[in-house]
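In the working numbering, the protein residues as written are 31 to 374.
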């Protein structure tokens, strides 16, 4: 599918903790040019290079300059070479310390989290964007990192607000609760675009062929049996990893009319970099199981078909699991464009 074209004088954006480019995809959809992206995991630079390669493949034609560096490293150089006063500055700091699971397990905010927030605060002060947006796990709002960023916004005279949202309310067929912060130089109206009707994942298979048969795990068989006891359905997706090995829980199952659960990197790649099984598609009529095609996973994640996925499924799935759904991001940035247009 052909990628969208941008006007030569399109507003520009800078992204921090960019991952595989979910935010960039949303920016392009809204007509905004992503000029700089910054991202690197210093403990897994090989993975970071693969992610950068995917960003470059998708956004080089828009003139995006991709930095394989941590935000802290770029901040130490005072963001040299990065345009000042962009229309959008976006940050999605690493969220692993602030997820529900981490909080339940007693994981604490790390020094690395604090340093990332300090670097983000410096980016706000140095670059002075027209709009600053931030996305993270809901638990981020109670962190010291969040307070560091909010303090910088106050110091720079930004108006800001934050809300907890579920991406499913914005057309993304996935339950994904996140914290969204929006800051601007003028008084804010509603910071979040209008919600839409909730969609199931079923339409995400349109035009795709199931080619990889799978054998069900015991927990998946149990989930399918229980689902059949509670009512008829034609197809379902069944979680393949993240199932409790002690048998205390069953695999998550969602019928075609229901949104998917939150897609995570851990479904496709473990902490050692090895591939995982992804998501299983179950045809309840033929009683056959298949691996859900990665393009369908991308659609569930809010990615358009013009986004080029990596060939390696572990990398592609990781990108989708780490990304802000572009379908939501595009709506958010288009909303900010409309506010800016109305105030000019």
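Where a beta carbon is used, it is the ideal one built from N, C-alpha and C, also for glycine.
Using only the alpha-carbon positions, how far apart do residue i and residue j sit?
i: residue 204; j: residue 292; result: 6 Å
i: residue 97; j: residue 252; result: 46 Å
i: residue 236; j: residue 312; result: 15 Å
i: residue 45; j: residue 264; result: 41 Å
i: residue 276; j: residue 286; result: In this prediction, residue 276 scores a pLDDT of 43, lower than 50, which makes its location untrustworthy; no coordinate-derived value is stated.
i: residue 223; j: residue 301; result: 35 Å
i: residue 33; j: residue 362; result: 20 Å
i: residue 220; j: residue 188; result: 15 Å
i: residue 117; j: residue 58; result: 13 Å
i: residue 308; j: residue 216; result: 44 Å
i: residue 330; j: residue 174; result: 32 Å
i: residue 40; j: residue 186; result: 25 Å
i: residue 43; j: residue 112; result: 10 Å
i: residue 91; j: residue 85; result: 11 Å
i: residue 225; j: residue 206; result: 14 Å
i: residue 327; j: residue 202; result: 12 Å
i: residue 245; j: residue 77; result: 29 Å
i: residue 74; j: residue 227; result: 39 Å
i: residue 164; j: residue 213; result: 9 Å
i: residue 289; j: residue 231; result: 5 Å
i: residue 259; j: residue 267; result: 17 Å
i: residue 254; j: residue 270; result: 12 Å
i: residue 256; j: residue 140; result: 41 Å
i: residue 107; j: residue 71; result: 18 Å
i: residue 233; j: residue 87; result: 27 Å
Looking at the structure shown, is residue i part of a helix, part of a strand, or coil, going by DSSP?
i: residue 292; result: coil
i: residue 283; result: strand
i: residue 275; result: Confidence is the limiting factor: at residue 275 the pLDDT is only 46, short of 50, which leaves the residue's position unreliable and the question unanswerable from this model.
i: residue 269; result: strand
i: residue 243; result: strand
i: residue 248; result: helix
i: residue 115; result: coil
i: residue 223; result: coil
i: residue 307; result: coil
Hey, would you say residue i sits closer than 9 Å to residue j, going by beta carbons?
i: residue 192; j: residue 178; result: no
i: residue 99; j: residue 150; result: no
i: residue 344; j: residue 304; result: yes
i: residue 310; j: residue 351; result: no
i: residue 53; j: residue 64; result: yes
i: residue 364; j: residue 50; result: no
i: residue 68; j: residue 47; result: yes
i: residue 154; j: residue 119; result: yes
i: residue 109; j: residue 156; result: yes
i: residue 320; j: residue 241; result: yes
i: residue 95; j: residue 160; result: no
i: residue 341; j: residue 325; result: no
i: residue 148; j: residue 121; result: no
i: residue 296; j: residue 247; result: no
i: residue 218; j: residue 250; result: no
Please name the residue or residues paired with residue i in a DSSP beta bridge.
i: residue 123; result: Answer is none; residue 123 lacks a bridge partner.
i: residue 336; result: DSSP lists no partner for residue 336.
i: residue 195; result: 208
i: residue 96; result: 67
i: residue 260; result: Answer is none; residue 260 lacks a bridge partner.
i: residue 302; result: Answer is none; residue 302 lacks a bridge partner.
i: residue 214; result: 161 and 189
i: residue 318; result: 313
i: residue 45; result: 67 and 120
i: residue 166; result: 209
Closer than 9 Å, CB to CB, is residue i near chain B or not?
i: residue 120; result: Absent from the structure: chain B. Only one protein chain is present.
### Message
Would you call the region 356-370 in contact with the region 312-320, where contact means no fewer than 3 C-beta pairs closer than 8 Å?
### Response
no
### Query
Pairing CB atoms from the region 352-366 with CB atoms from the region 192-203, are three or more of them under 8 Å?
yes
#### Entry: Meets three-Cβ-pair contact criterion under 8 Å: the region 162-176 and the region 119-129
Result yes; three or more Cβ-Cβ pairs closer than 8 Å.
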